[in-house]
Amino acid sequence: MVEDFPSRLRGREPVAGCWLSIGHPASAELLAGVGFDFAVLDGEHTEMTLGALATVLRAVEAAGTDTVPIVRVASNDPIEVKRVLDLGPAGVMVPAVETAAEAERAVDACTYRPHGRRGVAGYRAADYGANLQSYVESASEEILTIVQVESAAGVENVADIAAVDGVDALFIGPADLSASLGAFGEYDSEPVRSAVDRIVSAADAENRPVGTLATSRDEVAARDEWGVDFLAMGPDLAFLAESASGYLTEYRDRHE
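Just so you know, we're using our numbering here: the sequence shown kicks off at 23 and counts up by one.
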């Protein structure tokens, strides 16, 4: 783990990340080599298994840059969170958090006893047991717990969610949020912008960083104008499609 990344994120510095969906080590290593501050490995909406996540995580680290891996887990399940954290990411992103109790559940899953419920194991995160003592002593403070607010219910309870001790950041899921509000894809609509403003205000009140996803170059500026502190960009599939389309258009325009 890059030691200063958690403090940079918690300090609300404008960090930028990429979103990894392909699940192949080559693309993950390539994108980490670009120099993103972090990379989100999507374990919710892709076919990546736990083993694939481990391989992609290693690839991000192998790039030799300061890019740190964060895993979006499939659900707010302490068993899944425990298994993912044992792989050694900088933190986890937990989807669809709608209440303070659900946020507390996520924090507990990331925190060792006696303050949480994470089980101790000498796996990769602890250098396979070689540094278990020091890892257990420091991990609960260093591991990032990022909760996604992406529904009408989550927005309704966002002030309580943001106030939960141990929540390091909020992350707006724009697609699910807009769908929940009956305005899917209408990111500039009044319901969506109002919900976003409410999330950002709740984060500000607790001095929590808040981020979101930009799925195109145009969206980078648009999402930044939401007042968020950090952005994830992509996914890698979008990078690939956008670049390939540009190459093809360049050629065909020359031969019309």
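All C-beta atoms in this analysis are idealised placements derived from N, C-alpha and C, irrespective of residue type, glycine included.
How is the beta strand (DSSP E) around Phe-252 delimited, first residue to last?
Here the beta strand (DSSP E) through Phe-252 covers 252 to 255.
Sort Tyr-269, Val-93, Gly-73 by Cα distance to Gln-170 and report the nearest one.
Residue Val-93 is the option with its Cα nearest to Gln-170.
Pull up the distance between the alpha-carbon of Leu-53 and that of Gly-45, whole angstroms please.
Their backbone Cα atoms lie some 12 Å apart in a straight line.
Starting from Ser-119 and walking both ways along the beta strand (DSSP E), at which residues does that stretch end?
With the sequence shown as reference, residue 119 is identified as Val, and Ser is not the correct amino acid for it. Run containing Val-119: none; DSSP gives neither H nor E here.
Which residues bound the alpha helix (DSSP H) around Phe-206?
Phe-206 -> no alpha helix (DSSP H), and no H or E assigned at all.
Would you tell me roughly how many angstroms separate the C-alpha atoms of Val-95 and Asp-64, rounded to the nearest one?
Between Val-95 and Asp-64, the C-alpha separation is close to 7 Å.
Assign Ala-71 to one of two classes, buried (16 or more other C-beta atoms within 10 Å of its C-beta) or exposed (fewer than that).
Contrary to the premise, residue 71 reads as Thr rather than Ala in this sequence. It counts as exposed.
Give the straight-line distance between the Cα atoms of Asp-275 and Tyr-269, rounded to the nearest whole angstrom.
The straight-line gap from Cα to Cα measures roughly 10 Å.
Answer with buried or exposed for Glu-159, where buried requires no fewer than 16 other C-beta atoms within 10 angstroms of its C-beta.
Exposed, since its Cβ has fewer than 16 Cβ neighbours within 10 Å.
Residues in its own chain within less than 6 Å of Thr-237 by CB, not counting five upstream and five downstream?
Contacts found: Ala-260.
Kindly indicate which residue of Val-242, Glu-163, Asp-182, Ala-175 has the alpha-carbon position closest to the one of Ser-202.
That would be Ala-175, whose Cα lies nearest to the Cα of Ser-202.
Give the C-beta separation of Gly-144 and Lys-104 to the nearest angstrom, bearing in mind that I take them to be a contact with Cβ-Cβ under 8 Å.
Not quite, the Cβ-Cβ distance comes to about 13 Å (not below 8 Å), so this is no contact.
What are the residues that DSSP puts in a beta bridge with Trp-283?
No answer is possible for residue 283: the residues shown for the chain start at 23 and end at 278.
Considering only residues of the same chain and omitting the five flanking positions on each side of Leu-109, which have a CB-CB separation below 7 Å?
Hits under 7 Å: Leu-75, Ala-76, Leu-79, Arg-146, Ala-147.
So, under 8 Å CB-CB, Ile-194 and Val-218 are touching, yes? Tell me the CB distance rounded to an integer number of Å.
Ile-194 to Val-218, Cβ: 6 Å. Contact.
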